[in-house]
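Each residue of the sequence shown is one higher than the one before, starting from 9 at the first, in the numbering used here. Just so it is clear, CB atoms sit at the ideal spot from N, CA and C, and this is done for glycine as well. Computed from a predicted structure; not experimentally measured. Encoded as C-alpha cells, the structure appears first; notes follow it.
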Amino acid sequence: RVLIADDNATNRLVAATLCEMFGGEAHVVEDGEAAVEAAAAGGFDLILMDIKMPRLDGVAATRRIRTEGGPAAG
9 RVLIADDNAT NRLVAATLCE MFGGEAHVVE DGEAAVEAAA AGGFDLILMD IKMPRLDGVA
69 ATRRIRTEGG PAAG
C-alpha cells in the first residue's frame with residue numbers, strides 16, 4: 009500500500025495510476041494534514057509526499073509522522 013500526498017490532482021492521478029499498474033494499492037490525500045492522519049492509521053509500505061502543499065507542507069508532515077511514531081514512522 010502506498011500513501012500519495014499531493015495537492016495537485018494531476019500528480020495524484022499519475023502517481024496512483026503508476027502505483028496500481030505495478031500491482032500496488034494507492035491511497036491519495038490532498039495535503040500534509042491528511043497525510044499525517046492517514047499515516048497514523050498505518051498499513052503503508054511507502055509514502056510519496058509532495059513538499060509544497062496547503063495546511064501542512066510535506067517537510068512538516070514528514071517530521072510529524074516520524075515524531076508521532078506509529079506504524080509509518082519507520
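query: Per DSSP, cross-strand counterpart(s) of A13; result: V37, M57
query: Backbone CA spacing between H35 and M29 [nearest angstrom]; result: 14 Å
query: Three-state class that DSSP yields for L64 in the structure shown; result: coil
query: Alpha carbon of V44 to alpha carbon of L26, nearest angstrom; result: 23 Å
query: Close Cβ partners of I59 (< 7 Å) along its chain, the five nearest in sequence each way excluded; result: D65, G66, V67
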